[in-house]
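> Residue 567 in the working numbering sits at position 22 of the sequence shown, and the numbers go up by one each step.
Yeah, the Cβ is synthetic: ideal placement off N, Cα and C, and Gly gets one too.
Given the structure is predicted, the values throughout are model-derived calculations rather than measurements.
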Amino acid sequence: MMFGLILLVFIAYYMLDTSNSRGSRYLDPKYQRKNTPLDIVNERYARGEIQREEYLERKQELLS
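(1) Looking only at its chain, what residues have a beta carbon closer than 7 angstroms to the beta carbon of Ile595, apart from the 5 residues adjacent to it on each side?
(2) Buried or exposed: which applies to Val554, given that a residue is buried once 16 or more other Cβ atoms fall within 10 Å of its Cβ?
(3) Give me the residue from Leu583, Gly593, Phe548 and Ile556 with the minimum Cα distance to Gln605.
(4) Closest to Val586 by C-alpha separation, out of Arg578, Gln577, Ser609 and Leu601, would be which residue?
(5) If we ignore side chains and look at the alpha-carbon of each, how far apart do Arg578 and Tyr558 end up?
And the structure:
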């Protein structure tokens, strides 16, 4: 009976520990997707920070 209780405690601890580490792993910057230069230009154009002409020039330069 005591063995079953100890086993249950270890299983519960393991489940809680792995669920917490899995959730926080994706918040860690080293696991997050890095923006490419083209992504940054697209985002800046979408936010209206650069004009269409500048966007097309930068996009062309990055793709060539």
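On the basis of the data shown:
(1) Arg589
(2) exposed
(3) Leu583
(4) Leu601
(5) 31 angstroms
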